[in-house]
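Numbering (the working numbering), first residue to last: 1482 to 1958. Okay, structure first, notes after.
Put into structure tokens, the structure is as follows:
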């Protein structure tokens, strides 16, 4: 986008209620209401079709762009301007993601956004979208919910937990911690004593990522098969053992050995089919192929290998309910956003804690972002501690008056609020998972971006560590 020919580059527009780093780097940030993304996509679909002189898609025929603009909180003229820009551009691309798909109507919203690519013939071309009907082997929240039910019903006798900290990461109302207590034997392979590991019966530490073998497969939406190899760059520092080797040894001890000698042998047998799959290198046998696999950092084909599957393109109509109605200055849309701490696993690294948030320069804590105009009406100042409450829970955190957020929206970063994970993480900030529902959308994912929250002053103040001047954008408040 930014480093191509200086006389010609892309034009990036971001639609979201809070200005993220992506929106901050965009040419335009359009602060629409949470929950209006699907309607905006359909309105754009209608306007794009009209600008190109084409038939309006069936899903958008009943859409009035002016009404949608009012509902979303943007100017109708701006919506029309962006639709014409999208329609006229040589290579237009619409990307769903973020909070737009993490709501009850997230799947329909993603389909409506992807439909824009179909309208401008941007399927299966360089810089475009590759849609396939291939299912991804991912675990949805709906499956986790079923697991919790089985745990509560004493149907799970042994539980292995690897590369996850569900006690911290999952919404509290899901009740995972309470269900975990009903499992007779819990075994964690955590590399650090996190919240889940501390509640486990045994902890068998895995190697760290820098000490591990593995591989990853590119998502099926890529235009060709791609596999990345993972290999250690240092020898294990402590007396740890790979999870795969532990499970292989356990199976052998139980009298049911698996047909692999160790973790590397397992990976080698998994990639044997790639030898004759037409990649950019091959080998007569697995050991030679393995050396090249490590040398090149993976395997891929050089030519496009997936045809555009039009049957995978969005085709259904969707009736969107639109944003949730709020009581002004008493109720707010809640946005929970990621930081450099990721899912919270990075909170035990002081260098990550010290790294300023790129939009606010805040460090080492949890904060609540609120628009300065709204804060003025409510008498809220920087560093005031407020209590944020949703139907699912509550937390307290200091305020940061953030001008790049809608007046009807508040935002809280994810990653802090640990009760374990070491001295750099414990007792620092609050975990917004306490505010989230356990509801799932049609795709089986967590619907967390259509939560309504209220805020109240606690009478306390807790200064936030920040890199910027305490004068802030509008002076000290």
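Backbone N, C-alpha and C fix where the C-beta goes; we use that ideal spot for every residue, glycine too.
Does residue i pass the burial test, meaning 16 or more other C-beta atoms within 10 Å, or should it be called exposed?
| i | result |
| --- | --- |
| residue 1496 | buried |
| residue 1515 | buried |
| residue 1500 | buried |
| residue 1657 | buried |
| residue 1855 | buried |
| residue 1577 | buried |
| residue 1589 | buried |
| residue 1779 | buried |
| residue 1586 | buried |
| residue 1592 | buried |
| residue 1744 | buried |
| residue 1944 | exposed |
| residue 1719 | exposed |
| residue 1527 | buried |
| residue 1636 | exposed |
| residue 1727 | buried |
| residue 1502 | exposed |
| residue 1693 | buried |
| residue 1492 | exposed |
Please name the residue in the options whose C-alpha comes closest to that of residue i.
| i | options | result |
| --- | --- | --- |
| residue 1885 | 1557, 1512, 1547, 1597 | 1512 |
| residue 1829 | 1553, 1575, 1905 | 1905 |
| residue 1826 | 1919, 1683, 1912 | 1912 |
| residue 1752 | 1734, 1762, 1771 | 1771 |
| residue 1684 | 1868, 1696, 1667 | 1667 |
| residue 1784 | 1801, 1759, 1549 | 1759 |
| residue 1840 | 1896, 1815, 1948 | 1948 |
| residue 1892 | 1872, 1903, 1880, 1850 | 1850 |
| residue 1531 | 1505, 1935, 1492, 1564 | 1564 |
| residue 1922 | 1551, 1524, 1623 | 1623 |
| residue 1567 | 1641, 1661, 1598, 1710 | 1598 |
| residue 1817 | 1665, 1718, 1853, 1650 | 1650 |
| residue 1871 | 1931, 1534, 1838 | 1931 |
| residue 1519 | 1648, 1900, 1584 | 1584 |
| residue 1869 | 1812, 1762, 1535 | 1812 |
| residue 1646 | 1557, 1681, 1738, 1718 | 1681 |
| residue 1926 | 1882, 1620, 1709 | 1620 |
| residue 1582 | 1719, 1517, 1835, 1773 | 1517 |
| residue 1648 | 1637, 1669, 1639, 1507 | 1669 |
| residue 1899 | 1580, 1940, 1528, 1673 | 1673 |
| residue 1782 | 1815, 1773, 1705 | 1705 |
| residue 1853 | 1941, 1883, 1835 | 1883 |
| residue 1970 | 1571, 1814, 1894 | This structure cannot settle anything about residue 1970, because the visible part of the chain is limited to 1482 through 1958. |
| residue 1807 | 1935, 1546, 1903, 1492 | 1935 |
| residue 1805 | 1920, 1890, 1757 | 1890 |
| residue 1845 | 1860, 1859, 1858, 1820 | 1820 |
| residue 1641 | 1626, 1661, 1524 | 1661 |
| residue 1555 | 1524, 1858, 1809 | 1524 |
| residue 1707 | 1733, 1762, 1737 | 1762 |
| residue 1508 | 1522, 1757, 1490, 1498 | 1490 |
Name the DSSP bridge partner or partners of residue i?
| i | result |
| --- | --- |
| residue 1813 | 1934 |
| residue 1683 | 1668 |
| residue 1878 | 1867 |
| residue 1843 | 1947 |
| residue 1471 | Examination of residue 1471 is not possible in this model, given that the chain is present from 1482 through 1958 alone. |
| residue 1921 | 1927 |
| residue 1509 | 1494 |
| residue 1781 | 1707 |
| residue 1695 | 1711 |
| residue 1499 | 1886 |
| residue 1899 | 1907 |
| residue 1604 | 1610 |
Give me the Cβ distance between residue i and residue j, rounded to the nearest whole Å; I'm assuming they're in contact under 8 Å.
| i | j | result |
| --- | --- | --- |
| residue 1843 | residue 1716 | 38 Å between Cβ atoms; not a contact. |
| residue 1643 | residue 1721 | Not really, about 13 Å apart at Cβ, beyond 8 Å. |
| residue 1822 | residue 1896 | 3 Å |
| residue 1910 | residue 1847 | 3 Å |
| residue 1432 | residue 1697 | With the chain represented from 1482 up to 1958, any question about residue 1432 goes unanswered, as that position is not in the structure. |
| residue 1600 | residue 1665 | Their Cβ separation, rounded to whole angstroms, is 55 Å, which puts residue 1600 and residue 1665 out of contact at 8 Å. |
| residue 1729 | residue 1741 | 6 Å |
Q) So, do the region 1858 to 1870 and the region 1827 to 1842 have three or more beta carbon pairs nearer to each other than 8 Å? A) Judged by Cβ distances under 8 Å, the region 1858 to 1870 makes no contact with the region 1827 to 1842, as fewer than three pairs qualify.
task = Pair every Cβ in the region 1909 to 1929 with every Cβ in the region 1868 to 1885, then say whether three or more of these pairs are closer than 8 Å.
result = yes
inquiry  = Can you confirm whether the region 1624 to 1632 touches the region 1593 to 1610 when touching is taken to mean that 3 or more C-beta pairs between the two stretches lie within less than 8 Å?
reply    = Result no; under three Cβ-Cβ pairs closer than 8 Å.
Three or more C-beta pairs below 8 Å linking the region 1548 to 1563 and the region 1571 to 1587
no
message: Closer than 8 Å is the cut-off here; do at least three beta carbon pairs connect the region 1739 to 1751 with the region 1671 to 1683?
response: no
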